[in-house]
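Asks: Start counting at 1 in the sequence shown, then tack on 1, and there's your number in my numbering.
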Amino acid sequence: MHAPRKPDLRFETKAESNARREREFLALSPSERLLSFLRSFDLPHVVKGWVEESKGNFIIRRRKDALRG
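1. Can you find the residues in the same chain that come closer than 7 angstroms, C-beta to C-beta, to R34, ignoring five residues on each side of it along the sequence?
2. Could you check if F42 belongs to the surroundings of the ligand SAH, using beta carbon to heavy atom distance under 7 angstroms?
3. For a test of the three-state rule: what should DSSP assign to E17, helix, strand or coil?
4. Quick test of your reading: F38 and R63, contact by CB under 8 angstroms. State the CB separation rounded to the nearest angstrom.
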């Protein structure tokens, strides 16, 4: 197992950033894309951003303890 590397510092517009991120994502294999999507739910800013107001949307929530809920 290798140590995580520091993120690169980039100066780019939002459009350039989105295009780069899309290219990087599409370069992944289908299974790597799925894992990347699932890992995105582990980010702290995603958890803090939950809105409890029901809007009829399909929401996936990760439980801390799968047995106890």
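All residues carry an ideal CB built from backbone N, CA and C; glycine is no exception.
Replies: In this structure, then:
1. F26
2. Questions concerning the ligand SAH fall outside what the structure shown contains, since it holds no ligand whatsoever.
3. helix
4. Contact flag wrong, Cβ pair sits at about 13 angstroms.
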